[in-house]
Each structure stands twice: as structure tokens, then as C-alpha cells.
Amino acid sequence: MSKEMLNAFAMLEEQKGIKSEIVIEAIEQAITAAYKRQYGQAQNVKVIFDEKKGNFNVYSTREVVDEVFDSRLEISLEDAHELNPHYEIGDKIMFEEKPKDFARTAAGAAKQVIMQKMREEERTIIYNEYSRYKDEIIQGTVEKVDARAVYVNLGRVDALLTKKDQIPQENFHVGDRVKVYVTDVVLTPKGTRVFISRTAPDMLKRMFEKEIPEVFDGTVEIKSIARDAGDRAKVIVQSHDENVDAIGTMVGAKGSRIQGIIRELAGEKMDIIEWSEDKATLVANALKPARIEQVLITADGSSLAVVARDQLSLAIGKRGQNVRLAAHVTNSKIDIKAADEFNMDDYEFVGEDGEEIPTTEVDETLVVEEVVETPEVSESEE
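So for the sequence shown, the numbering used here puts the first residue at 177; every next one is plus one.
Shown next as C-alpha cells:
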């Protein structure tokens, strides 16, 4: 060992950021364990690193006794006095051990520890590098595609874009560049695992933050998002500046501000919805493009939307998509009823204070009189 060992420590600290003290302590423990395996005991053995020579030396401690029962642990007072006449019963004397053929064992243990520390530090460095991308969008390269997943190279790690995290109509090929949202980063014994998605609602939120300055600086807040990835999304927004129109800011002239996001997400249509503190108004906004005649809040907290007969299928949407996304984005249970079938006596309603009220006392405060127009933006609107 010696000079080569010192050079190895210096290299680890400079290139890998691994402190020499950590490696030295680990090697001392490894050599002690190796000594115990080879010689059957090590309870009184200590390994000490000589910083000047770069060597690891093995020492054993023996107690001064009247009568020796185990020469590995004890030394007689007579023998101790030959070393130093001042030794007394109970004193501990340290001896350097130079067991035959142990140098090679010690060197092997040291090398193994260094390699292990390098692997551990490499794993930690990669984890720290990618953990800062959690909840962010990063770009990778498609390396492999099979029926189970798309394998995406993110630089120093590969990640799986599973079927549930893929936009259904997208097809990837080896070499494609792809933007993905990092949902989690986990350090495992085998290394860093990065979990990615293109269907997560927060991917859409991050894209708006990157594309629209007013969202990035908080002037316009995204309150909630619901997605059928690649097909349709509903986004509730609120302006914190009375001079800034939230919907217009998000969409831009003829959809100019939102087109890049739509293209990136395989033509996913966007319904941008005005936030309202009033639950009935918010639900009506979320059910656009259908025209809602009124929204009533029932005693169980669900929302009952009343629409004209010709608006019923539009309010429900294809395969129930419109009402399902509206319910998700508003965190409400929503029932749709055609006006010609609606009978108020079939329901129990609550007022603004949450108290149940008779149907004869239901007034226009539970009726949506003005609904903010919610634009539907698709890739064709340019």
C-alpha cells in the first residue's frame, strides 16, 4: 500500500468528492473484520492508518496479569517488565501484529472498500443530480420500444415510460427526442430509478409555467387540472390582477399562446375555465361548451346541472368525458338533468350556509345567471 494508497485517497476526494476520513475508517473496519475471519478473533485488535507512510498497521492490546490464560489477550507482569519496568497489573499494552501472509488479505480488503465506496458515491451523485428534477419536465432520447414500455435515456440513467404514462395515440421510435414529467426519483441498492410520465396533470401545469410568463410569476394561478391525456383537458385559472384576464392570458389571440402545448401533447384539446368562489358558477363554467341553465347544490353536496334537451349530450360528452372531467377538475359530484325532466320536488337543496332548505324557498341565488365563456382550444385553431 503506501504511496499508491495515498494517491488513491487523493483521487477519490478530488474526483468523486469522497472524504479520505470516511474511506480510511471503512478500510480500518474491513481489515479488522478480515483479521477476525483469518485468525478467529479480533476483540482486542485495532487497525490504525499511518498517514505519513500510507500504511494500515494492525495492533493488538493485551492486559498485564499475574497469570496468563490466553496469550492473545494477556501478558504476564514479568514479560511486561522486560518491556518497561513501570507496567502494573491491569495496564494495557499495544503490540503491532505482523501476521504471516496477512498483508495480501489486508490489501484486498482495502481495495474492496475503495471500490464499494466509489460505487456508493456514484449512486449518491446520480441520485442527487436527478432528484432535483422531481416534479419538473426533462428531455430524453428513446432507446428502445416494446409492448410494455418506451425506454428513455435521460443522460446518466434510463427510465421507463409505461403504457399508463403514455399518451394513447403517440408512437415513438428509437432516436426520438421526448419531453417527460418526472413523478418521482428513488435511490435503490441497484442505483437511481427515475419515474416519468406524459399523462400527469402536473406536466400540463409545468408546460403552462414555461410558456406563459403570467403563470410563471403567479399573476394567473392554475387552480386545478383534469386530463384525458392526448384527448382533452380542463384547466381552472384565476387572475390575481384585476387588469389581467385569466382566460385570455392563457389562450392568447386565436390560441397563439397555447398552440405549442397542444402540439407537444398530441393535439390535446384545452378547456380553460374561469375560477369562481361560487360552487354553482364554477361547475357551470366547467361543463362548457354546453350551455347550462342552472346548477343547484343538493343536500348531499353534489351539484345538479339542468340543461336544455338539445344540450344534454354535449354536457355529458362522448363516453361521459365532459361531465367526468368537470367533476374531477371541480372536485365535485355532478349530475346532469334535462330541463323537461327536472322536478325540483325530487331533490333536497342547501343554501349558501350549508343548511337544508325547502324546495319552495329555492331562489335565484342557486341559479347560475351569468357563466363565463370557456373557450375550447384545439390544434386547428391557428
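Idealized CB from N, CA, C, for every residue including glycine.
| Residue interval of the beta strand (DSSP E) (run including Gln345) | By one-based count along the sequence shown, residue 345 stands at place 169. That residue, Gln345, is in no beta strand (DSSP E); it is neither H nor E in DSSP.
| Check: Ile388 C-beta below 8 Å from any heavy atom of the ligand GDP | For the ligand GDP, the structure offers nothing, since it holds no ligand at all.
| field | Straight-line Cα distance separating Glu197 from Lys287 | value | On the sequence shown, position 111 is the one that residue 287 refers to. On the sequence shown, position 21 is the one that residue 197 refers to. The straight-line gap from Cα to Cα measures roughly 16 Å.
| Exposure of Tyr357, with buried meaning 16 or more beta-carbon neighbours within 10 Å | Position 181 of the sequence shown, counting from 1, holds the residue named residue 357. Tyr357 is buried by the Cβ-count criterion.
| Per DSSP, Leu472 is paired with what? | Numbered from its first residue, the sequence shown carries residue 472 at position 296. Looking at the DSSP output, Leu472 shares a beta bridge with Leu480.
| request: Can you have a look at Glu537 and say buried or exposed, based on whether 16 or more other CB atoms are within 10 angstroms of its CB? | output: Here residue 537 corresponds to residue number 361 of the sequence shown, with the count starting at 1. Its pLDDT being 39, under 50, Glu537 is placed unreliably by the model, and the measurement read from it follows with that caveat. With fewer than 16 other CB atoms across the displayed protein chains lying within 10 angstroms of its CB, Glu537 is exposed.
| request: Could you name the residues that DSSP lists as bridge partners for Met426? | output: Here residue 426 corresponds to residue number 250 of the sequence shown, with the count starting at 1. In DSSP, Met426 forms no bridge with anything.
| task | Helix, strand or coil for Ser247, going by three-state DSSP, please let me know. | result | Residue mapping note: residue 247 aligns to position 71 of the sequence shown, counting from 1. Coil, per DSSP.
| query | So, is Pro534 buried or exposed, given that buried needs 16 or more other C-beta atoms within 10 angstroms? | reply | Indexing the sequence shown from 1 puts residue 534 at position 358. Note that Pro534 scores 44 on pLDDT, short of 50, meaning its location in the model is unreliable and no value can be drawn from it.
| request: Report the rounded CA-to-CA distance for Ser307 versus Phe185, giving the unit in angstroms. | output: For this step, residue 307 is matched to residue 131 along the sequence shown. For this step, residue 185 is matched to residue 9 along the sequence shown. When rounded, the distance between both Cα atoms is 28 Å.
| task | Work out the CA separation of Val350 and Lys228 for me, nearest whole Å. | result | As a first step, residue 228 is located in the sequence shown; it is residue number 52 there, counting from the start. As a first step, residue 350 is located in the sequence shown; it is residue number 174 there, counting from the start. The straight-line gap from Cα to Cα measures roughly 54 Å.
| Spatial neighbours of Ala169 in its chain, beta-carbon cut-off 8 Å, leaving aside the 5 residues before and after | There is no way to answer for residue 169, as the model of the chain reaches only from 177 to 558.
| Just reading off the alpha helix (DSSP H) that Ala456 is part of, what are its end residues? | What you label residue 456 is simply residue 280 of the sequence shown in a count that begins at 1. Its alpha helix (DSSP H) spans residues Lys455 to Ala462.
| said: Just to confirm my understanding: we take Ile512, look at its own chain, exclude 5 residues before and 5 after, and list those with CB closer than 7 Å. What are they? | reply: The residue you call residue 512 lines up with position 336 of the sequence shown. So the list reads Ala481, Val483, Leu488, Ala491, Ile492 and Val499, once near-sequence residues are dropped.
| Would you call the CB atoms of Asp242 and Leu249 closer than 9 Å? | Counting from 1 along the sequence shown, the entry for residue 242 is found at position 66. Counting from 1 along the sequence shown, the entry for residue 249 is found at position 73. Not in contact: Asp242 and Leu249 (Cβ atoms no closer than 9 Å).
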